[in-house]
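S.K.:
There are 2 protein chains.
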Amino acid sequence: MPTATSGAALRVRLLSNHVMAAATPEAKLLPRAVIITGGSKGYGCALAEELCAEAVRDGRGLHLALVARDEKGLIETEAAVLKAAGTSSTSGVTCRGFKVDLGKYEALAAKMEGVMTFLEETLTSWIGSGGSDSQPKAELILIHNAGSLGRLAYAGALTAEESAASIDLNVTSMLLLTQLVLRRFSQKAQLPGNTLRIRVVNISSLLAVQAMASWSLYSTGKAARDMFMRSVAADVLALQQDVRTLSYAPGPMHTAMVQEVLDSCPDKQVKQGFEDMQAEDKFVDVRVSAAKLVCLLGNDLSYESGAHVDFYDALKNIKKMQKSY
Amino acid sequence: MPTATSGAALRVRLLSNHVMAAATPEAKLLPRAVIITGGSKGYGCALAEELCAEAVRDGRGLHLALVARDEKGLIETEAAVLKAAGTSSTSGVTCRGFKVDLGKYEALAAKMEGVMTFLEETLTSWIGSGGSDSQPKAELILIHNAGSLGRLAYAGALTAEESAASIDLNVTSMLLLTQLVLRRFSQKAQLPGNTLRIRVVNISSLLAVQAMASWSLYSTGKAARDMFMRSVAADVLALQQDVRTLSYAPGPMHTAMVQEVLDSCPDKQVKQGFEDMQAEDKFVDVRVSAAKLVCLLGNDLSYESGAHVDFYDALKNIKKMQKSY
Chain A
1 MPTATSGAAL RVRLLSNHVM AAATPEAKLL PRAVIITGGS KGYGCALAEE
51 LCAEAVRDGR GLHLALVARD EKGLIETEAA VLKAAGTSST SGVTCRGFKV
101 DLGKYEALAA KMEGVMTFLE ETLTSWIGSG GSDSQPKAEL ILIHNAGSLG
151 RLAYAGALTA EESAASIDLN VTSMLLLTQL VLRRFSQKAQ LPGNTLRIRV
201 VNISSLLAVQ AMASWSLYST GKAARDMFMR SVAADVLALQ QDVRTLSYAP
251 GPMHTAMVQE VLDSCPDKQV KQGFEDMQAE DKFVDVRVSA AKLVCLLGND
301 LSYESGAHVD FYDALKNIKK MQKSY
Chain B
1 MPTATSGAAL RVRLLSNHVM AAATPEAKLL PRAVIITGGS KGYGCALAEE
51 LCAEAVRDGR GLHLALVARD EKGLIETEAA VLKAAGTSST SGVTCRGFKV
101 DLGKYEALAA KMEGVMTFLE ETLTSWIGSG GSDSQPKAEL ILIHNAGSLG
151 RLAYAGALTA EESAASIDLN VTSMLLLTQL VLRRFSQKAQ LPGNTLRIRV
201 VNISSLLAVQ AMASWSLYST GKAARDMFMR SVAADVLALQ QDVRTLSYAP
251 GPMHTAMVQE VLDSCPDKQV KQGFEDMQAE DKFVDVRVSA AKLVCLLGND
301 LSYESGAHVD FYDALKNIKK MQKSY
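Chains A and B are the protein sequences, given in the same order.
Okay, so the first sequence: first residue is 1 according to the UniProt record's numbering, each after it adds one.
Okay, so the second sequence: first residue is 1 according to the UniProt record's numbering, each after it adds one.
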């Protein structure tokens, strides 16, 4: 469900302004074409709204492609984003939902063709014919936000079907979608003289680096995605392309997934931890976490390509950057 | 191809004797039922021979189930193991090959049924009827050695088919096989009063923790496996079962995979690194690496359950243990 901008999210944005101004006074605000998987609800929706708010504030062009299974959710998120952008046609924000089931990876390339064409047309109009002044004229951001918790169960109690489905959705599809985007667009990011910047973001988790009882499917998937991001970072460094990857652990947010944990976690100790967090109101606001990711995306210097950056560490890094100016 | 025992492997074994004698003077040498996937050649074959050599030396019962696609290789390894065990029927070593394609995970449970029955019969005869003196009477070891390099290519050049096949074989099958074994046998490892110990070993790699250009499929799979081992370690700790997991990076060995790297790696810098290792004869002997893993398996105290232990670090740990006595 679309969420209202919180005061904390606004503070993160003001911080972002400050850092950007200090870090890259010459930086051009390139228009952005963004794919968000799982863009119909929860964190995906918050990211869409936050990117939109930033685009409107800074007068940056933004073309959003939301990818999800849930058609109704896509329509709602689309409406929320366009509302946030205002009715003026000069806002430069477009947003379109694409119904794709990422769990069925065999048909992924065909299903994503519409998204790719939407992005390609937009990017072509921004980049133009290129020419001798070749330099970045647009940014393409792929945000892998879709994912499933998988059933919470001790490994011996997991079935083959649910395990395979979890790996297909959370790992295989994510690899394939990244490969598709790089195949289609990375030539434009070739240094020197690239006309496009590409950023790939994996929505990761603390569970990518820390195991918890009964969470093996989730952890295994997140660790695989993190390493894939590091591998792609190594690839593009060798290829000398203006591509950066990031695994961002968004912090513990009170999304539908938390209710799933409270309802289904068989491990008493882990479940108790979540109940305590709820009782103590320790969850992170989705919009605050989304604002921080948008801030990171605007500040390449604040993260190493391929790195796993946690919500809490991201704040520290940005504060450190402020101190150094 | 079966390999001869090297002098270095013998030295590792002598070290193992010393550590075991010092660390656990009361330790009983439990008979072992062992599954080795990818047991028809290379490192799987070396592990089979090393486990056999240890069993013969210490008079420990050993029932080996070798799992692989290659029937000819299975027969050769079986012969080599039985030859190493000697012709005497009192050696207590049996070895049987099972033709299973781990890449086809949909049929895995059915295909593994023969292996499970073979192990179950053996374990039942060792454990007996149990009774009031319930204590470990046997050890079950599952060694996930099977795996593919995947095509070495920059991410944008990988096809959907080869990516999915790599994840199916290296991740999904490995999860499913672990789950099968735990489902079938972990009740016997329930504390207190367990009659069985279970050890699960993932043959990992430096690439599980370090990315290299053009190795994304391999790295992603190994990182996923490592995290699954850590997750299972968390599970069995919560369940209080005598199950331990280990991700062992066997060091750079001159197996068929190295030739595959030299033939196919598109990244000049990475390829040069392998060529230099070959020129400088820096590869680790497969039997030395296998002997070290067998040594680790005999010394639970030398590794934390779920840990990633590298061939080089394993040596250090054991040396540290020696110093402390």
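Don't be surprised by glycine CBs; every beta carbon is placed ideally from N, CA and C.
This structure is a prediction, so every number in the text was calculated from the model and none was measured.
For isoleucine 143 of chain A, would you say it is in contact with chain B, using Cβ-to-Cβ distances shorter than 8 Å as the test?
M.R.: Position 143 of the first sequence, counting from 1, holds the residue named residue 143 of chain A. No - not a single Cβ of chain B is within 8 Å of the one on isoleucine 143 of chain A.
S.K.: I want to verify the contact list: residues of chain B whose CB lies under 7 Å from the CB of arginine 230 of chain A, in sequence order.
M.R.: For the purposes of this step, residue 230 of chain A is identified with residue 230 of the first sequence, where counting begins at 1. Going along chain B in sequence order, the residues near arginine 230 of chain A (Cβ under 7 Å) are Ala211.
S.K.: I need the boundaries of the alpha helix (DSSP H) containing aspartate 276 of chain B, first residue and last residue.
M.R.: In the second sequence, residue 276 of chain B corresponds to position 276, counting from 1. Run containing aspartate 276 of chain B: 268–279, per the alpha helix (DSSP H) assignment.
S.K.: I want to know whether the stretch 54–70 of chain B touches the stretch 194–206 of chain B - three or more CB-CB distances under 8 Å.
M.R.: In short, these stretches do not touch, since the Cβ pair count stays below three.
S.K.: When you compare the CB of glutamine 179 of chain A with every CB in chain B, is at least one pair closer than 8 Å?
M.R.: Taking the first residue of the first sequence as position 1, residue 179 of chain A is located at position 179. For glutamine 179 of chain A, the answer is yes, since a Cβ of chain B falls inside 8 Å of its Cβ.
S.K.: Is there a Cβ from chain A that is less than 8 Å from the Cβ of aspartate 310 of chain B?
M.R.: As a working mapping, residue 310 of chain B is identified with position 310 in the second sequence. So, not an interface residue.
S.K.: Given a cut-off of 8 Å on the beta-carbon distance, is the pair leucine 182 of chain B and glycine 114 of chain A in contact?
M.R.: Here residue 182 of chain B corresponds to residue number 182 of the second sequence, with the count starting at 1. Here residue 114 of chain A corresponds to residue number 114 of the first sequence, with the count starting at 1. No, the pair does not count as a contact, with Cβ atoms beyond the cut-off.
S.K.: Indicate the three-state DSSP secondary structure (helix, strand or coil) for histidine 18 of chain A in the structure shown.
M.R.: Translated into positions along the first sequence, residue 18 of chain A becomes position 18. Reliability fails at histidine 18 of chain A, whose pLDDT of 48 lies under 50, so the model's placement of it is uncertain and the value that follows must be treated cautiously. Of the three classes helix, strand and coil, the one that applies to histidine 18 of chain A here is helix, per DSSP.
S.K.: If distances are taken between C-alpha atoms only, which option among A/Ala110, A/Glu275, A/Val258 and A/Asp263 comes closest to valine 286 of chain A?
M.R.: Along the first sequence, read from residue 1 onward, the residue named residue 286 of chain A stands at position 286. The residue with the shortest Cα to Cα distance from valine 286 of chain A is A/Val258.
S.K.: Note the first and the last residue of the continuous beta strand (DSSP E) segment covering glutamate 113 of chain A.
M.R.: Here residue 113 of chain A refers to the residue found at position 113 when the first sequence is read from its first residue. Run containing glutamate 113 of chain A: none in the beta strand (DSSP E); it sits in the alpha helix (DSSP H), 108–127.
S.K.: Who are arginine 96 of chain A's beta bridge partners in DSSP?
M.R.: The residue given as residue 96 of chain A occupies position 96 in the first sequence. Beta-bridge pairing links arginine 96 of chain A to A/Ala65.
S.K.: Does any residue of chain A bring its CB to less than 8 Å from the CB of aspartate 267 of chain B?
M.R.: By 1-based counting over the second sequence, the position of residue 267 of chain B is 267. For aspartate 267 of chain B, the answer is yes, since a Cβ of chain A falls inside 8 Å of its Cβ.
S.K.: When DSSP builds the beta bridges, which residues end up paired with arginine 244 of chain A?
M.R.: As a first step, residue 244 of chain A must be located in the first sequence, where it is residue number 244. In the DSSP output, where bridge partners are listed per residue, arginine 244 of chain A has A/Arg199.
S.K.: State the CB to CB distance for the pair alanine 33 of chain B and leucine 140 of chain B, rounded to an integer number of angstroms; the pair is presumed to be in contact (CB under 8 Å).
M.R.: The sequence position of residue 33 of chain B within the second sequence is 33, counting from 1. The sequence position of residue 140 of chain B within the second sequence is 140, counting from 1. Their Cβ separation, rounded to whole angstroms, is 5 Å, which keeps alanine 33 of chain B and leucine 140 of chain B in contact under 8 Å.
S.K.: Using 8 Å as the cut-off, can you tell me whether the stretch 202–210 of chain A makes contact with the stretch 265–281 of chain A, which would need three or more C-beta pairs spanning the two stretches below that distance?
M.R.: Touching, no.
S.K.: Taking tryptophan 215 of chain A as the query, report the chain B residues whose CB atoms sit under 7 Å from its CB, ordered along the chain.
M.R.: The count along the first sequence starts at 1 and reaches residue 215 of chain A at position 215. By Cβ distance, chain B contributes Ser231.
S.K.: Who are isoleucine 141 of chain A's beta bridge partners in DSSP?
M.R.: As a working mapping, residue 141 of chain A is identified with position 141 in the first sequence. DSSP output for isoleucine 141 of chain A lists A/Val34 and A/Arg199 as bridge partner(s).
S.K.: Rounded to a whole number of angstroms, what is the C-alpha to C-alpha distance between alanine 249 of chain B and glycine 103 of chain B?
M.R.: Locating residue 249 of chain B in the second sequence gives position 249, counting from the first residue. Locating residue 103 of chain B in the second sequence gives position 103, counting from the first residue. Their Cα atoms are separated by approximately 22 Å.
S.K.: May I ask you to list the residues that DSSP assigns as paired with alanine 155 of chain A?
M.R.: Reading the first sequence from its first residue, position 155 is the one you call residue 155 of chain A. Partner(s): none; alanine 155 of chain A has no beta bridge.
S.K.: Which of the three DSSP states, helix, strand or coil, is assigned to glutamine 190 of chain A?
M.R.: Here residue 190 of chain A corresponds to residue number 190 of the first sequence, with the count starting at 1. Note: glutamine 190 of chain A maps to strand in three-state DSSP.
S.K.: CB-CB under 8 Å to serine 289 of chain B, same chain, minus the five flanking residues each way: which ones, in chain order?
M.R.: In the second sequence, residue 289 of chain B corresponds to position 289, counting from 1. Once the five neighbours on either side are set aside, the close Cβ partners of serine 289 of chain B are Tyr43, Ala46, Pro250, Gly251, Met253 and Phe311.
S.K.: Between alanine 208 of chain B and serine 247 of chain B, which are expected to be in contact by the criterion C-beta below 8 Å, what is the C-beta distance as a whole number of angstroms?
M.R.: Mapped onto the second sequence, residue 208 of chain B falls at position 208. Mapped onto the second sequence, residue 247 of chain B falls at position 247. With 8 Å as the limit, alanine 208 of chain B and serine 247 of chain B qualify as a contact, their Cβ atoms being about 7 Å apart.
S.K.: How many Å lie between alanine 22 of chain A and alanine 53 of chain A at the Cα?
M.R.: In the first sequence, counting from the first residue as 1, residue 22 of chain A sits at position 22. In the first sequence, counting from the first residue as 1, residue 53 of chain A sits at position 53. Per-residue confidence for alanine 22 of chain A stands at a pLDDT of 41, beneath the threshold of 50, marking its modelled position as unreliable; no derived number is given.
S.K.: Using alpha carbons as the reference points, say which of A/Leu237, A/Thr178, A/Gln210 and A/Thr77 lies closest to valine 232 of chain B.
M.R.: To locate residue 232 of chain B, count along the second sequence from 1; it is residue 232. The shortest Cα separation from valine 232 of chain B among A/Leu237, A/Thr178, A/Gln210 and A/Thr77 belongs to A/Gln210.
S.K.: Quick test of your reading: glutamine 241 of chain A and serine 186 of chain A, contact by CB under 8 Å. State the CB separation rounded to the nearest angstrom.
M.R.: To locate residue 241 of chain A, count along the first sequence from 1; it is residue 241. To locate residue 186 of chain A, count along the first sequence from 1; it is residue 186. About 5 Å separates the two Cβ atoms, so the contact holds.
S.K.: Taking the Cβ atom as the reference point for each residue, do methionine 227 of chain B and threonine 220 of chain A lie within a distance shorter than 8 Å?
M.R.: Locating residue 227 of chain B in the second sequence gives position 227, where the first residue counts as 1. Locating residue 220 of chain A in the first sequence gives position 220, where the first residue counts as 1. Taking 8 Å as the Cβ cut-off, methionine 227 of chain B and threonine 220 of chain A qualify as a contacting pair.
S.K.: So if DSSP puts histidine 254 of chain A in a beta bridge, which residue, or which two residues, is it bridged to?
M.R.: Within the first sequence, residue 254 of chain A is the residue found at index 254, counting from 1. The partner list for histidine 254 of chain A (beta bridge, DSSP) is empty, contrary to what the question assumes.
S.K.: With distances taken from CA atoms, which of A/Thr178, A/Glu260 and A/Glu280 is nearest valine 236 of chain A?
M.R.: Counting from 1 along the first sequence, the entry for residue 236 of chain A is found at position 236. The candidate whose alpha carbon is nearest that of valine 236 of chain A is A/Thr178.
S.K.: Give the secondary structure of alanine 249 of chain A by DSSP, where H, G and I count as helix, E and B as strand, and everything else as coil.
M.R.: Here residue 249 of chain A refers to the residue found at position 249 of the first sequence. Strand.
S.K.: Secondary structure at valine 209 of chain A, three-state DSSP: helix, strand or coil?
M.R.: As a working note, residue 209 of chain A is residue 209 in the first sequence. Coil, per DSSP.
S.K.: Would you mind reading off the limits of the beta strand (DSSP E) that contains aspartate 310 of chain A?
M.R.: Translated into the one-based positions of the first sequence, residue 310 of chain A becomes position 310. First-last of the beta strand (DSSP E) with aspartate 310 of chain A: 308–310.
S.K.: Valine 171 of chain B touches chain A at which residues, Cβ-Cβ below 8 Å?
M.R.: Numbered from 1 along the second sequence, position 171 holds the residue referred to as residue 171 of chain B. Per Cβ cutoff of 8 Å: Ile167, Val171, Thr220 and Ala224.
S.K.: First and last residue of the alpha helix (DSSP H) that includes lysine 83 of chain A?
M.R.: Here the question's residue 83 of chain A lines up with position 83 in the first sequence. From DSSP, the alpha helix (DSSP H) with lysine 83 of chain A extends over 71–85.
S.K.: Name the chain A residues whose beta carbon is nearer than 7 Å to that of residue 381 of chain B?
M.R.: Residue 381 of chain B lies beyond the range of chain B shown here (1 to 325); nothing can be said about it.
S.K.: On the premise that asparagine 145 of chain A lies in contact with threonine 37 of chain A, defined as a C-beta separation below 8 Å, what is that separation, rounded to the nearest angstrom?
M.R.: Here residue 37 of chain A refers to the residue found at position 37 of the first sequence. Here residue 145 of chain A refers to the residue found at position 145 of the first sequence. With 8 Å as the limit, threonine 37 of chain A and asparagine 145 of chain A qualify as a contact, their Cβ atoms being about 5 Å apart.
S.K.: Whose C-beta lies closer than 7 Å to the C-beta of alanine 85 of chain B among residues of the same chain, with five residues either side of it excluded?
M.R.: For the purposes of this step, residue 85 of chain B is taken as residue 85 along the second sequence, with counting starting at 1. Closer than 7 Å at Cβ, skipping near neighbours: Cys52, Val56, Ser91 and Val93.
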